[in-house]
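All residue numbers for the sequence shown refer to our numbering, where the first residue is 912 and numbers rise by one.
See below for the structure under consideration.
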Amino acid sequence: MKNKINIAIDGPAAAGKSTISKRVAEQLSYIYIDTGAMYRAITLLYIENGKDIINNLSDFEITFKREDSNRVLLNNRDVTDEIRSQDVTGKVSEVSSFEAVRSYLVEMQQKIGIEKGVVMDGRDIGTTVLPDAELKIFMQASPRVRAERRLLEEKERGNAIDLDQLTSQIIRRDELDMNREISPLVQADDAVLLDTTELSIEEVEEHILHLAQQKIGVE
Ligand code: DC
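Structure (structure tokens):
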């Protein structure tokens, strides 16, 4: 049997990381971990319970129910839809800048990576969570194209949001994520930069699978 590798996929909001990561994981029969969903779940807790909850994070477990389209469970409560709300999206960059939140989630994510065979997407996977990942990708795309892609997703969920509003929300989130003190969004030195502005999902998927096969071949 071939050796398994870890694949870290980082990049700014709505660059297509989760769509691509899911497909790559499926092709390789790897586990897909959406770390943004974890930060969103903690943000939901924060909104519902206030900031004291941040000191009691060890009471909470975040799991992914993969056999059922990647549902996200917070202590067995299905929060898949709630964590995509505008309220959570508007607050998640702030909550994910807290030290207690980051250290709690990074530890959880690192445990998942130990067995290898993981495709993990986020902002600090290649730099902090899995610095030894065999393949690191930094996905980029212009803010407008990212907003257009997110608009389509929101429409599918039945949400009507204005494109200009989405573009400014994405730019604001990028700024907060890139400028926070602890593990900000930054390209790892050994990450492959992939600008997807002009590429289709299939092209990006094929490119990453090709790079992964090269790594799997030599590991
Ligand atoms: O990928 P996403 O848009 O669902 O992520 C939501 C937010 O979570 C993002 O704006 C910043 C934060 N995040 C983070 O700080 N570190 C990660 N590894 C993943 C997400």
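Even glycine gets a Cβ: it sits at the ideal position worked out from N, Cα and C.
- In the three-state reduction of the DSSP assignment, Gly-1069 falls in the coil class, being assigned neither a helical nor a strand state.
- Pairing Lys-1022 with Tyr-1015, the inter-Cα distance amounts to about 11 Å.
- Boundaries of the alpha helix (DSSP H) around Lys-1022: 1010 to 1024.
- Measuring C-alpha to C-alpha distances from Ser-996 to each of Asp-1075, Arg-1091, Ala-1099, Thr-954 identifies Thr-954 as the nearest.
- Scanning Ser-929, Arg-934, Glu-1045 for the CA closest to the CA of Lys-915 turns up Glu-1045.
- Shown here for Arg-934: same chain residues with a beta carbon closer than 6 Å to its own, the five before and five after excluded, namely Glu-1116 in chain order.
- Proximity of the beta carbon of Gly-1069 to the ligand DC is not indicated: no heavy atom of the ligand is located closer than 8 Å.
- The Cβ atoms of Arg-1091 and Ala-924 lie no closer than 9 Å to each other.
- DSSP places Val-1103 inside the beta strand (DSSP E), whose first and last residues are 1103 to 1106.
- One alpha carbon belongs to Met-949, the other to Ser-1079, and they sit about 23 Å apart.
- The segment 1040 to 1091 is shown to contain whole beta strand (DSSP E) runs of 3 or more residues at 1046 to 1051, in chain order.
- One thing to note: Ala-1011 has its Cβ within 9 Å of the Cβ of Leu-968.
- Put simply, of Leu-1087, Gly-922, Ile-1127 the residue whose alpha carbon is nearest the alpha carbon of Val-1029 is Ile-1127.
- Cβ-Cβ separation between Met-1031 and Val-1040: approximately 7 Å, consistent with a contact (criterion under 8 Å).
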